[in-house]
Structure formats: structure tokens, C-alpha cells
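Take the sequence shown: its letter number 249 is residue 248 in numbering that gives the first Met the number 0, and every next letter is one higher.
Cβ atoms here follow ideal geometry from the backbone N, Cα and C, with glycine treated the same way.
No experiment lies behind these values; they were computed from the predicted model shown.
Report on the structure given below.
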Amino acid sequence: MPSSPRSAAASAQSSSAFRVLARAGFVANGLVHVLLGALVVAVAFGGDEQTDQSGAFEAIAAAPFGAVLLWACAAALWALGAWRAVEAFVARGTSGADRAKRAVKQGAQAVSFLAVGGIAASVALGARSQGDQSAQNASSSVLSLPGGPFLLAAVGIIVAAVGIGFVVSGARRSFRKRISTPGGSLGKALIVLGTVGYIAKGIALATVGILIVVAAVTVDPSASGGLDAAVSALLQTPAGPWLGGAVGIGFIAYGLFTILRAKYARLDA
0 MPSSPRSAAA SAQSSSAFRV LARAGFVANG LVHVLLGALV VAVAFGGDEQ TDQSGAFEAI
60 AAAPFGAVLL WACAAALWAL GAWRAVEAFV ARGTSGADRA KRAVKQGAQA VSFLAVGGIA
120 ASVALGARSQ GDQSAQNASS SVLSLPGGPF LLAAVGIIVA AVGIGFVVSG ARRSFRKRIS
180 TPGGSLGKAL IVLGTVGYIA KGIALATVGI LIVVAAVTVD PSASGGLDAA VSALLQTPAG
240 PWLGGAVGIG FIAYGLFTIL RAKYARLDA
């Protein structure tokens, strides 16, 4: 008797090769965040680099064997995205509501990792993406729909809420349930990196969400933007370079945490 799609997906998760590739995705994602953090720090103190995923991938492309590294990153990120997609499909939980919540969470992460992998592949093929322009074009398309400003505002609120969720997760250290924390100084360092990293990433995402809401309220797509615009907005605050530099260091911390997470992640969490 043939197995059901759900049981087939669960069987795929038990594959050691699939697990290795998924963990490699954490390494690739961590590398992107480390480079992104370095770019943010550079911009905070006078540089003019592109502070989004495309900028990080372009930095990889400039390295020796850059194209090979980019394709390796893309493959690893796609593998991690596929893992999250399978997790969404076989979502486990103590109740229907719990399973639905888990499926939505894992599905959103799957889309995110698959999309970032796509950016890596496009840069490997020679594309030069402008993240802010893409975000503004997307905002313009939404605004042109019936009820567009309300839809765009809802998107902005969701993005801001995700950012706040990262901040809360960092402050409460609730990310610890997703990893098997080692003992000793390494475990302490891992928690510190996660705390700083989650808070910094949350601030950046919340800023992106606020920019999207502003674009919806003013019906001006040029007010929205991606991480590049969020960094620019942070640099225009009174704290200026220091706040931007702190966020950049936080991204580096998040990247190092994510690289270490490749070893200690609970893949089913």
C-alpha cells in the first residue's frame, strides 16, 4: 500500500543528506548576515555600500571563486527552505490550532529562505538587484489595487510585528528552545550572540515595516524600501552612525549565531 504524501515527507526528513544540506543552509544564511552587518557598519561610518542581501552576495561574488560560493550558498539556502516547507506540510502539534500556527510559521520561513537563495543565484548569474527599488515597485503595485493602501498597511504592520517578535525573542532568549545549547563558555557565547543578533535584526525589520506603513498612509510608494532604506532611516536619527553601527554589529552577531546554529539547531523546532 503506497504511503501518504505526509508520511513520505516525514520519511524525507529522516534522510541524513537532507539534514546535512539543511544545516548547511544555516551556515550560508549566517555568512550573509555577517557580510550584511559589515556593510551596515561601513555605511554607518561613511561608506556607500548596498546594505541588503544583494550587497552581501555581491561581496561574495567579488571574492576568489565567488560564483562557486554563490551557487553553494543558493543550494544550501534552497535546501533549508525545502526543509522548512516539509516542516510546514507535516506540521506537528498538540491541537489543530497549534499545527496551523506551526505550518504558517514554517511556511513563511520556507518562502524567505527560498527567496534569498534566489537572490544568490541571480547575483551568480550577473544580476544586480536594487532592493529598495524592488520594494518600491512592489508597494506601487499593491497601492494600485482596490483598497491598496489598506493592504499595504497590513503588510507593513505584519513586517513590523515580525520585527518586534525578533526583539522579544532576543530579550526573552526564547530562541534557546530552537537550539541544543552546549555547556561552558561556548554555550554562554551562543546565547549572547543570539540575544544581540535577534534584537538587532528585529529593529531593522520593524523599521522596514514602519516605512511600508508610511508609504501606505501617504500613498507614496517611494517612502517604502527594504533593508537598505531601513539602514538609511536609522542613520537619520539623532543617534545616527552609532545606532547604525550597533545594528550592523548586531547583524554580525546574528550571523555568527546562525553559523553556530548549523551544529546545534533543533531542526524540528
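- The C-beta distance from Val-122 to Phe-56 rounds to 4 Å, short enough to fall under 8 Å.
- For Thr-194, the closest of Ile-59, Gln-108, Val-67 and Phe-250 by C-alpha to C-alpha distance is Phe-250.
- Bounds of the alpha helix (DSSP H) holding Arg-18 are 15–43.
- Shortest Cα-Cα distance from Phe-17 to any of Trp-82, Gly-162, Arg-171 and Ala-170 involves Trp-82.
- Take Gly-80, set aside five residues on each side of it, and the residues of its chain with a beta-carbon closer than 7 Å to its own are Ala-109, Phe-112, Leu-113 and Gly-116, in chain order.
- Residue range 95–123 is occupied by the alpha helix (DSSP H) that includes Asp-97.
- The C-beta distance from Ser-138 to Ala-214 rounds to 5 Å, short enough to meet the 8 Å contact threshold.
- When the five nearest sequence neighbours on each side are left out, the beta carbons in the same chain lying within less than 8 Å of the beta carbon of Leu-69 are those of Phe-56, Ile-59, Ala-60, Ala-119, Ala-120, Val-122 and Ala-123, in order along the chain.
- In the structure shown, the three-state DSSP call for Ala-62 is coil.
- With a contact defined as Cβ atoms closer than 8 Å, Ile-190 and Arg-175 qualify at about 7 Å.
- The bridge partners DSSP lists for Ala-264 are Ile-178.
- Between the C-alpha atoms of Ala-71 and Leu-35 there is a straight-line separation of about 18 Å.
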